[in-house]
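Report on the following structure.
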Amino acid sequence: MEDADSSKQQAARDWRRALWKSRRGRISFQVLSEFYVNAVRKQPSARDALRAEVRDLMAWSPIPTDAALLEQAWKVQDRFHFSFWDALIVAAAKAASCRHLLTEDLQDGQTLEGIEVVNPFLHGPSSIL
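The sequence shown begins at 13 in my numbering and counts up by one.
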């Protein structure tokens, strides 16, 4: 399990580096929140460093959750039978005019609302950048 975790961590670093360099990264507040909560749960003593990382990711212009985004998320939820949280991420990607959505939680290669799902642990950044 440790090898899989380190492999995923390296893939995440590769993607983040490539997205910073290309200036094509976008993120939702849902993803930022989920990242922060899960990371602090695993490393409570790193809270300040994790907050700094979230602040850095704010450069990717997170899509705010507002009434219009909620309505779009509910439409995605009903159409695809996703959890609300996954639907909110898809709706934010659509609002940000993303062509690709990096996630391991949805079906790789699936097209949702005109956005292609890419599992970042199956494909490297060169596959879309």
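Beta carbons are placed, not taken as given, at the ideal position from N, Cα and C, and that holds for glycine.
Here the structure is a predicted model, which is why all the values come from computation and not from measurement.
- Three or more pairs of CB atoms, one per stretch, sit closer than 8 angstroms, so the stretch 69-86 contacts the stretch 100-111.
- Annotation: the continuous beta strand (DSSP E) that includes LEU114 extends over 112-114.
- Scanning GLY121, THR123, GLU128 for the CA closest to the CA of HIS112 turns up GLU128.
- If you draw a straight line from the Cα of VAL66 to the Cα of TYR48, it comes to about 7 angstroms.
- Every alpha helix (DSSP H) of 4 residues or more that sits fully in the stretch 73-133 is shown, in chain order, as 79-92, 96-107.
- If you compare the alpha carbons of PHE92, ALA30, ALA104, GLN84 with that of LEU118, the shortest gap goes to PHE92.
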